[in-house]
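What follows is a single structure, written as structure tokens, with notes after it.
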Amino acid sequence: MRRGKDAPVDQLGAEHCYDPSAPPKVRRYQVLLSLMLSSQTKDQVTAGAMQRLRARGLTVDSVLQTDDSTLGALIYPVGFWRSKVKFIKQTSAILQERYGGDIPSSVAELVALPGVGPKMAHLAMAVAWGAVSGIGEWHTRSGRAGLGLASTPYDEPVLSPTAVDTHVHRIANRLGWTKAVTKSPEKTRAALEAWLPRELWSEINGLLVGFGQQTCLPVRPRCQACLNRSLCPAARSLGGS
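At position 236 of the sequence shown (counting the first as 1) the number is 236 in UniProt numbering, and the numbers step up by one without a gap.
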């Protein structure tokens with residue numbers, strides 16, 4: 001059901017939002033901003049905001065020189081856009097002062113930035129720095145090379161250290177993959193890593209995020225159209241047969 005790779009996440013994720021012609025540290029900064037904008041926001045909306053920002057030249061300096069009202073107009077209607085204006089300005093000032101306009105290369109430093117949570121930090125490590133850890137998003141050599149990272153064999157998945165996406169959290173519980181019901185994406189990640197073969201870790205997040213965007217929706221999932229309905233414990237109560 002995911003063979004076509006045609007879900008929003010497949011075309012509009014953080015690894016697709018940066019300017020490939022920009023210097024490496026600018027690309028990394030753009031990745032971080034796209035992740036900050038993506039919280040509580042659909043991929044299409046995040047991508048639109050990033051397009052508008054990039055059209056003006058998206059760098060630490062340009063953001064710091066943009067007044068709050070203009071920045072707000074550029075990122076609207078991302079979720080909690082007013083708070084994100086504040087966080088983006090604060091984080092950009094820190095990056096300029098402490099990191100020379102680049103982003104930190106550790107999770108601990110990333111989560112210390114205003115508006116950057118653990119999931120964003122882990123994804124930034126994966127997409128921008130090529131870090132390897134647990135179940136999470138993945139990208140290919142073309143994405144890594146665009147950020148100035150060491151290449152891997154073409155289309156080889158690269159693991160990232162992250163709490164799983166909320167789609168993965170929801171679907172894993174619906175399918176009974178967590179044994180006991182888990183209450184948070186981080187607990188779902190730990191439960192999945194306890195039994196899922198490591199060679200599959202690179203695939204599951206992207207596959208299930210797209211599946212959750214297109215079929216296994218949070219509300220009114222399309223169980224009748226799902227090829228997995230006979231295997232899904234939740235399908236009967238959610239509308240499957």
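Ideal placement from N, C-alpha and C gives every residue a C-beta, glycine not left out. This structure is a prediction, so every number in the text was calculated from the model and none was measured.
Only buried fits glutamate 15, as 16 or more other CB atoms lie within 10 angstroms of its CB. Take proline 185, set aside five residues on each side of it, and the residues of its chain with a beta-carbon closer than 8 Å to its own are Lys119, Ala163, Val164, Asp165, Thr166, Val168, His169, in chain order. Just so you know, the alpha carbons of leucine 217 and glutamate 97 end up roughly 42 Å apart. Contact check for leucine 71 against isoleucine 88 passes: the beta carbons are separated by less than 8 Å. In the same chain as threonine 91, and ignoring 5 residues on each side of it, the C-beta atoms closer than 8 Å to its own belong to Leu32, Met36, Leu113, Pro114, Gly115, Val116, in chain order.
For alanine 234, the CB contacts under 7 Å within the same chain, skipping 5 residues up- and downstream, are Arg174 in chain order. In the displayed model, isoleucine 94 falls within a helix according to three-state DSSP. Ranked by how close their Cα comes to the Cα of methionine 125, the residues Gln30, Leu64, Val63 have Gln30 in first place. Contact between the region 36-50 and the region 74-84 is present, with at least three C-beta pairs closer than 8 Å. The continuous alpha helix (DSSP H) containing leucine 32 extends over residues 24-38. A residue is called buried once 16 or more other Cβ atoms fall within 10 Å of its Cβ, and alanine 108, having fewer, is exposed. Closest in alpha carbon position to leucine 95, among Gln40, Arg82, Val63, is Val63. When secondary structure is reduced to three states using DSSP, proline 218 falls in the coil class, being assigned neither helix nor strand. If you ignore the 5 residues before and after glutamine 214, its C-beta comes within less than 7 Å of the C-beta of Ala7, all in its own chain and listed in chain order. Just measuring C-alpha positions, the residue of Trp129, Lys86, Arg82, Glu199 sitting nearest aspartate 102 is Trp129. Under the three-state reduction of DSSP, isoleucine 103 is assigned to coil, being neither helix nor strand. In the three-state reduction of the DSSP assignment, asparagine 228 falls in the coil class, being assigned neither a helical nor a strand state.
Distance from the CA atom of alanine 121 to the CA atom of leucine 238, rounded to whole angstroms, is 34 Å.
Shortest Cα-Cα distance from aspartate 19 to any of Gly57, Val45, Ser39 involves Gly57.
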